[in-house]
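Student: Residue numbers (the working numbering): 16 to 551. Just so you know, even glycine gets a beta-carbon here, dropped at the ideal spot from N, CA and C.
Structure below.
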């Protein structure tokens, strides 16, 4: 009897993708594609990223919001590759959240670049495959039965290797195009390594890309075309001057990811200074509402970066002076030349301006009748973040260490539950979510780690475990397991509360080394321990 033929991994991926390839009605038909002459096909597939760059040399801010991303064209490759490219367009990046210009960076630049650059294309397919494996268990009740994630995992590894080789080949021929495609690949590789649970590798890509941006800024700021400049320096200078606004969008992506990673590691800044790429901050008129969630979110990231730097990116950071005391100081008594003091006062002022404008935006939103659910959800999220920062600022400015009133923690947990439930569509078993903005998880970790109320701690941990959410390197279930293990370890004779004065990655490594981690498998958090050491 002839054994039944087993489906190939490629056919399984094509059939199990929850985002099927666009139908012929929405993309070029297969017959018309086949009818292309070999010359025409070669001309189309051999286009270089120079053509893509020509259409994207202006800031993404200048592009109208209603421009649809170019995702309905057929890319070259196998059925599995096309399916995963479509998945990354339709599913992966849509979950990244409305992080100001960053969402448009993906849909209007990174994805279209995948049609022209092999390195970007394979990197996107790898990310899509990894994400498909990550969310695979949400389809366990599908009529196909339990989804086998191994084909996706295998394809992800294969495509990642192809992307790395293509990116290395690009950098052998240094041009403004290959410099920018390398930066884009770094961004995709960061997301891919996070999905794979290799946070240390993600951080290495984050630092590598940031160093490229730093080199570009130095080359662009140097005297024009000095005789001693190398071809590489001239290329970097040209990239920085001709494509500055585009690089600003890319640098924003690196800065946002770095800020969230820095708060996780609590070791200060994790990348070089990229302020060369900062845009002029928005209106300082506290009565002027934000024009929309994009502007509000972008300004929020600027505020969080400023506050984070002043507090050394630590939840345990202390302010040099309370804001009230600062406002009451006579002008002649203000400290001069104190960098930390100046950082804090600038950050606090930015927060106050942003907070006042958010109030005005909320009032304007309440009078509109055309507010979509997404915009309303984002506004609620920013209000949630504002409350958390206000509480953290109050703690850091206190002259003496005082416990936070229980009601403040309760309000944050209540709002977090509403936001998570709303984002999941009210499902009892929400699907796994991977997003780039660390909004909810750090707040719940803070409550579970620093509240002395066991009921509050347990509730925060339960929410972390239930939400099945990964916000950058902040994985809700992993952190819930670590926090639960810490609470259990406190009951052991060998545990010292002094151990808890280190960062979460170091705590994760410590729990594993002492055999006190109650979860199964390895902890991706622990991979950051060596990376922390490299920042010191």
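#1: With DSSP as the reference, label residue 512 as helix, strand or coil.
#2: Should residue 196 be labelled buried (16 or more other beta-carbon atoms within 10 Å of its own) or exposed?
#3: Consult DSSP for residue 328 and reduce its assignment to one of helix, strand or coil.
#4: With a 10 Å radius around its C-beta and 16 neighbouring C-beta atoms as the bar for buried, classify residue 165 as buried or exposed.
#5: How is residue 32 classed by DSSP in three states: helix, strand or coil?
#6: So, residue 406 versus residue 434, is the Cβ gap smaller than 9 Å?
#7: Just to confirm, are residue 111 and residue 537 a CB contact at a threshold of 9 Å?
#8: Have a look at 387, 247 and 218 and flag the residue whose alpha-carbon is nearest the alpha-carbon of residue 190.
#9: Run the CB neighbour count on residue 199, radius 10 Å, all protein chains shown included, and call it buried at 16 or more, exposed below.
#10: Are the region 386-406 and the region 356-364 in contact at 8 Å, needing three or more beta carbon pairs?
#11: At the level of alpha carbons, what is the spacing between residue 271 and residue 280?
#12: Mind listing, in chain order, the continuous alpha helix (DSSP H) runs of no fewer than 4 residues lying wholly within the region 109-138?
#13: Any chance the region 215-231 sits against the region 246-260, with 3 or more Cβ pairs inside 8 Å?
#14: Tell me the rounded alpha-carbon separation between residue 61 and residue 390.
#15: Starting from the N-terminal side, write out each stretch of the beta strand (DSSP E) that is 3 residues or longer and does not extend beyond the region 461-515.
#16: May I ask you to report which of helix, strand or coil DSSP gives residue 199?
#17: Output the boundary residues of the beta strand (DSSP E) element that contains residue 360.
#18: Hey, is residue 368's beta-carbon within less than 9 Å of any beta-carbon in chain B?
#19: For the putative contact between residue 263 and residue 222, defined by C-beta atoms under 8 Å, what is the C-beta separation to the nearest angstrom?
#20: Roughly how many whole angstroms lie between the Cα atoms of residue 186 and residue 442?
#21: For residue 505, count neighbouring C-beta atoms within 10 Å of its own C-beta (all shown protein chains included) and say buried if the count is 16 or more, exposed if not.
#22: Have a look at residue 267 and residue 210 and give me their C-alpha separation to the nearest angstrom.
#23: Of the choices 502, 178 and 169, whose alpha-carbon is the least far from that of residue 9?
#24: How would you label residue 444, buried or exposed, when you count the other beta carbons within 10 angstroms and need 16 or more for buried?
#25: Checking 9 Å against the spacing of the C-beta atoms, do residue 273 and residue 284 come in under that value?
#26: Which residue marks the beginning of the beta strand (DSSP E) containing residue 448, and which one marks its end?
#27: What do you reckon, are the CB atoms on residue 2 and residue 515 nearer than 9 Å?
#28: So what's residue 243 in DSSP terms, helix, strand or just coil?
#29: In the DSSP assignment, find the unbroken alpha helix (DSSP H) run with residue 215 in it and report its ends.
#30: Please state the DSSP three-state secondary structure of residue 281.
#31: Evaluate residue 79 with the Cβ neighbour count: other Cβ atoms within 10 Å of its Cβ, from every protein chain shown; 16 or more gives buried, anything less gives exposed.
#32: Is the separation between the beta-carbon of residue 479 and that of residue 494 shorter than 9 Å?
#33: Report the rounded CA-to-CA distance for residue 526 versus residue 383, giving the unit in angstroms.
#34: Nearest CA to the CA of residue 529: which residue from 422, 138 and 510?
#35: Output the distance between the C-alpha atoms of residue 560 and residue 328, rounded to the nearest integer angstrom.
#36: Between the Cα of residue 202 and the Cα atoms of 220, 216, 475 and 499, which residue gives the shortest distance?
Tutor: In this structure, then:
#1: Correct three-state label for residue 512: helix.
#2: Buried is the call here.
#3: Shown here, residue 328 sits in coil according to DSSP, grouped into three states, outside any helix or strand.
#4: It counts as exposed.
#5: The predicted position of residue 32 is uncertain, since its pLDDT is 46 and thus under 50; no value can be drawn from it.
#6: No, the Cβ-Cβ distance between residue 406 and residue 434 is not below 9 Å.
#7: The Cβ atoms of residue 111 and residue 537 do not sit closer than 9 Å to each other.
#8: Closest in C-alpha terms to residue 190, from the list 387, 247 and 218, comes 247.
#9: Looking at its Cβ environment, which holds 16 or more other Cβ atoms inside 10 Å, residue 199 is buried.
#10: Counting Cβ pairs under 8 Å, fewer than three are found: no touch.
#11: Each residue's alpha carbon lies about 15 Å from the other.
#12: Taking only runs of at least 4 residues, the alpha helix (DSSP H) segments lying wholly in the region 109-138 are 116-120.
#13: Contact between the region 215-231 and the region 246-260 is present, because at least three Cβ pairs lie under 8 Å.
#14: Low per-residue confidence applies at residue 61: pLDDT is 43, beneath 50, and the placement is therefore not dependable, though the value from the model is reported in the following sentence. Going from the Cα of residue 61 to the Cα of residue 390 covers about 40 Å.
#15: You should have 484-486.
#16: In the three-state reduction of the DSSP assignment, residue 199 falls in the helix class.
#17: Where residue 360 is concerned, there is no enclosing beta strand (DSSP E), although the alpha helix (DSSP H) it sits in stretches over 354-381.
#18: Protein chain content of the structure displayed is limited to a single chain, and chain B is not contained in it.
#19: Not confirmed; about 19 Å, so no contact.
#20: Near 46 Å, if we compare the C-alpha coordinates of residue 442 and residue 186.
#21: Residue 505 should be labelled exposed.
#22: Approximately 21 Å between the Cα atoms of the pair.
#23: Outside the modelled stretch of the chain, which goes from 16 to 551, sits residue 9, for which no answer is possible.
#24: Its Cβ having fewer than 16 others within 10 Å, residue 444 is exposed.
#25: Yes, they are a contact pair.
#26: Per DSSP, residue 448 belongs to the beta strand (DSSP E) from 448-450.
#27: Lying outside 16 to 551, the shown extent of the chain, residue 2 is not represented and no answer is given.
#28: Here DSSP, grouped into helix, strand and coil, assigns residue 243 to coil.
#29: 214-236 is the extent of the alpha helix (DSSP H) around residue 215.
#30: In this structure, residue 281 counts as coil in the three-state DSSP scheme.
#31: A caution first: residue 79 carries a pLDDT of 31, below 50, which makes its placement in the model too unreliable to give a value.
#32: Cβ distance < 9 Å, so residue 479 and residue 494 count as in contact.
#33: Within the model, the alpha-carbon separation for residue 526 versus residue 383 is close to 51 Å.
#34: In this structure, 510 is the residue among 422, 138 and 510 with its C-alpha nearest to the C-alpha of residue 529.
#35: The first residue shown for the chain is 16 and the last is 551, placing residue 560 beyond what the model contains.
#36: For residue 202, the closest alpha carbon among the candidates 220, 216, 475 and 499 is that of 220.
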